[in-house]
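Worksheet for the structure shown next.
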Amino acid sequence: MNHDQALWFPYAQMQTMPPALEVSSANGVYLNLKNGQSLIDAISSWWCVIHGYNNPKINNAITSQLNKMAHIMLGGLTHQPAEELAKKLVKITPDGLNHVFFSDSGSVGCEVAMKMAIQFWKNKNITSKTKFLALKRGYHGDTLGVMSLGTDDETMHHTFKNILPEQWFTTPNDLENLETILKNNHLQIAGFFIEPIMQGAGGFYLNTPDYLKNAKKLCEKYNVLFIADEVATGFGRTGSLFAVNQASICPDIMILGKALTGGYLGLSATLATTDIFNTFLHDDSSKAFMHGPTFMGNPLACVAALTSIQEFFDNKYLEKIQTIENNLKNQLSHIKNENIKEIRIKGAMACIEVYDVKTIQSAQKIAVENGVWLRPFGHYLYTMPPYIVTNKELKKITDIMILCTQ
Ligand SMILES: *Cc1c(COP(=O)(O)O)cnc(C)c1O
Numbered sequence: 006m007n008h009d010q011a012l013w014f015p016y017a018q019m020q021t022m023p024p025a026l027e028v029s030s031a032n033g034v035y036l037n038l039k040n041g042q043s044l045i046d047a048i049s050s051w052w053c054v055i056h057g058y059n060n061p062k063i064n065n066a067i068t069s070q071l072n073k074m075a076h077i078m079l080g081g082l083t084h085q086p087a088e089e090l091a092k093k094l095v096k097i098t099p100d101g102l103n104h105v106f107f108s109d110s111g112s113v114g115c116e117v118a119m120k121m122a123i124q125f126w127k128n129k130n131i132t133s134k135t136k137f138l139a140l141k142r143g144y145h146g147d148t149l150g151v152m153s154l155g156t157d158d159e160t161m162h163h164t165f166k167n168i169l170p171e172q173w174f175t176t177p178n179d180l181e182n183l184e185t186i187l188k189n190n191h192l193q194i195a196g197f198f199i200e201p202i203m204q205g206a207g208g209f210y211l212n213t214p215d216y217l218k219n220a221k222k223l224c225e226k227y228n229v230l231f232i233a234d235e236v237a238t239g240f241g242r243t244g245s246l247f248a249v250n251q252a253s254i255c256p257d258i259m260i261l262g263k264a265l266t267g268g269y270l271g272l273s274a275t276l277a278t279t280d281i282f283n284t285f286l287h288d289d290s291s292k293a294f295m296h297g298p299t300f301m302g303n304p305l306a307c308v309a310a311l312t313s314i315q316e317f318f319d320n321k322y323l324e325k326i327q328t329i330e331n332n333l334k335n336q337l338s339h340i341k342n343e344n345i346k347e348i349r350i351k352g353a354m355a356c357i358e359v360y361d362v363k364t365i366q367s368a369q370k371i372a373v374e375n376g377v378w379l380r381p382f383g384h385y386l387y388t389m390p391p392y393i394v395t396n397k398e399l400k401k402i403t404d405i406m407i408l409c410t411q
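In the working numbering, each number is its position in the sequence shown, counted from 1, plus 5.
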């Protein structure tokens with residue numbers, strides 16, 4: 006038996022995967038490798054480590070909570086960090102989102118949103134609305150339910166395509182197409198799932214505030230819930246605290262994850278309006294929401310999130326993100342060569358899309374040799390740095406991205 010492969014890595018062909026780099030510690034924007042090298046983490050450990058690593062305030066908050074209790078179930082018991090975080094999230098998210106259901110990952114947070122949307126209609130005695138509409142090239146996680154909301158090429162969820170429920174898909178920024186689908190199918194559609202402003206894992210495509218505003222209106226017109234998946238965009242990534250803020254809309258359901266705990270621990274939040282919450286209140290107990298992840302609202306994760314949010318405001322991250330966006334634009338937007346199809350920049354995100362996947366095949370290797378951690382996939386070479394990145398560190402990241410597309 007080959008004990009070398011006890012650890013099964015994500016999204017990897019284990020037969021050909023090159024050895025993973027071993028990290029022995031991490032500090033600020035730096036990953037410190039066992040071999041003595043340090044790499045700037047240009048992608049914030051899958052977009053969540055917004056403060057960089059080893060933030061003293063979050064470290065302390067977790068340590069002091071650890072001395073009280075690491076975990077208790079949220080079934081019939083409660084604790085101050087969960088109560089306080091729920092109130093905090095209600096306060097900082099758009100007016101109207103007043104109730105918070107915690108889970109332990111973004112995927113599950115989105116599954117919760119799907120179940121909540123279907124049951125919302127069922128509790129109103131509308132049983133036909135069990136399907137969803139989503140954006141083409143969307144990504145809402147890897148579990149079976151949300152996989153049905155992602156359209157994709159041969160790479161991600163293709164193997165499971167024929168066992169997933171069929172959903173509807175619409176083209177981003179195309180209101181006419183959206184209205185046609187809603188008009189013809191609204192009696193079956195429980196909700197419209199969207200990654201507002203920026204679609205992440207599907208290739209960093211952008212949609213506009215104007216599109217969001219009008220899409221929300223169409224959803225109201227056709228009685229379809231507007232469900233904003235802000236797992237990637239929440240907490241500043243696209244330039245505003247939440248992406249929906251740029252359209253001044255309040256979704257019916259909103260999901261947060263990834264950066265919620267500053268990348269410390271797994272936690273997601275599914276927020277709902279009072280209108281939705283109230284349909285679950287009833288003398289009949291079968292109208293209740295029957296879902297409860299074991300680790301929902303874990304106290305360590307909740308204090309990490311509370312401290313992370315405090316750090317976000319104390320350190321004026323929105324200003325920092327503006328500076329990052331300006332620098333990304335200055336350093337990347339004028340770059341042209343025959344390999345580059347498009348460069349997309351929004352907030353603290355920049356993506357170079359290339360015509361041919363071969364162009365960036367060795368990008369990760371080149372970046373590592375130059376002291377930067379990048380993880381391009383498909384046609385996309387991107388950065389989403391921690392917000393504490395300095396101008397000099399960011400310049401190093403963009404220089405290497407340019408080098409990798411030559
Ligand atoms: C990452 C991501 C998810 C899934 O989150 P996990 O914590 O990986 O389960 C869902 N939606 C979006 C938009 C994401 O970027």
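Every residue, glycine too, gets a C-beta built ideally from N, C-alpha and C.
For residue 69, the uninterrupted alpha helix (DSSP H) segment begins and ends at 61 to 71.
The residues 303, in chain order, have a CB closer than 6 Å to that of residue 76 in the same chain once the five nearest residues on each side in sequence are set aside.
Between the C-alpha atoms of residue 180 and residue 188 there is a straight-line separation of about 12 Å. In this structure residue 218 is not in contact with residue 248, their Cβ atoms being roughly 12 Å apart against a cut-off of 8 Å. In this structure, residue 398 places its C-beta atom within 9 Å of the C-beta atom of residue 34.
Relative to the Cα of residue 178, the nearest Cα in the group 201, 342 and 124 belongs to 201. Distances between the C-beta of residue 238 and the heavy atoms of ligand 1 include at least one below 8 Å. Remark: the C-beta of residue 151 is in contact range of ligand 1, defined as less than 8 Å to any heavy atom. Taking 9 Å as the cut-off, the Cβ atoms of residue 154 and residue 139 count as close.
With distances taken between CA atoms, residue 327 lies nearest to 243 out of 243, 277 and 294.
For residue 55 and residue 49, the gap between their C-alpha atoms comes out near 6 Å. For the 9 Å CB-CB criterion, residue 352 and residue 371 do not form a contact. In the assembly as shown, residue 295 is an exposed residue. Its beta-carbon has fewer than 16 other beta-carbons within 10 Å.
Looking at the DSSP output, residue 32 bridges to 35. For the segment 151 to 212, the continuous beta strand (DSSP E) assignments of 3+ residues that do not extend past its boundaries occur at 173 to 175 and 194 to 199, in sequence order.
In this structure, the C-beta of residue 144 approaches ligand 1 to less than 8 Å from one of its heavy atoms.
Rounded to whole angstroms, residue 274 and residue 110 show a C-alpha spacing of 9 Å.
Closest option to residue 374, judged by alpha-carbon separation, among 20, 14 and 26: 26.
With a threshold of 16 other beta carbon atoms within 10 Å, residue 389 meets it and is buried. With a cutoff of 9 Å on beta-carbon distance, residue 345 and residue 358 are scored as near each other.
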